[in-house]
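The structure appears right after this line, and notes come after that.
Numbering (full-length UniProt numbering), first residue to last: 1 to 225.
This is the structure:
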């Protein structure tokens, strides 16, 4: 169909591989998606009393800040050259923010499990999490599978986006279970802990790579990861 062909041409042009320009375009589009989701996740999380949804909202805030800093760092790199460590430093900030958010979420989830989980409204959790999953899958497709081998910051953003999609899918499944059973509220903090551990592991590996890159004063070869 001609319309589909024009749409694909526009998408390729927008995300075209003039590497640095392409990175800024992809990051800007992904930043817009993240910002659009933050308000919805926070509002629904508070209304539904869901720790999983609130954790996702907090994660999106951290991701948006990291993406914004990454766009600025990309501009600095364009002016300074490949020797600039701006994007690597931003990757360190991103990984550190993820670890902090993860720690807060896990601590609150443990507190809820120990004290008895409050009532969670499953249907709004399910709806907003399905939307978030679709949005983050679209974000990962915009970045492209090869983003993980471009530089440490692009790898960190791709990690965040894929993790967000998986997180939202898990929270959606939790919301569905709570809605169908009208109970099992303990699932919400339990899933939050599991998700936090997975994201924390990825963030810790990323931070290790950042430390190695800064210590060696050279970009890492990411093609084999």
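Ideal Cβ positions, reconstructed from N, Cα and C, are used throughout, including at glycine.
Asked, Found
"Residue interval of the alpha helix (DSSP H) (run including residue 215)", "187 to 216"
"Exposure of residue 167, with buried meaning 16 or more beta-carbon neighbours within 10 Å", "buried"
"Exposure label - residue 140; buried when at least 16 CB within 10 Å", "buried"
"Simplified DSSP state of residue 49, which is helix, strand or coil", "coil"
"Collapsed DSSP secondary structure at residue 164 in the structure displayed", "helix"
"For residue 108, the nearest candidate out of 215, 216, 196 (CA to CA)", "196"
"Under 9 Å between C-beta atoms of residue 203 and residue 46", "no"
"Runs of beta strand (DSSP E) lying entirely within the segment 94 to 143, each at least 3 residues, in chain order", "none"
"Residue 173 versus 183, 193, 162, 122, residue with shortest Cα-Cα distance", "122"
"Spatially closest choice to residue 184 from 199, 55, 39, 118, by CA coordinates", "118"
"Proximity winner among 201, 51, 178, relative to residue 111 (alpha-carbon distances)", "51"
"Neighbourhood of residue 128 by C-beta, 7 Å cutoff - its chain only, sequence neighbours within 5 removed", "40, 41, 44, 53"
"Distance CB(residue 309)-CB(residue 104) smaller than 9 Å", "Limits of the chain in this structure are 1 at one end and 225 at the other, which puts residue 309 out of reach."
"Same chain only: Cβ atoms within 6 Å of residue 154, ignoring 5 sequence neighbours per side", "147"
"Rounded separation between residue 67 and residue 96 - CA only", "14 Å"
"Pairwise C-alpha distance: residue 178 and residue 34", "26 Å"
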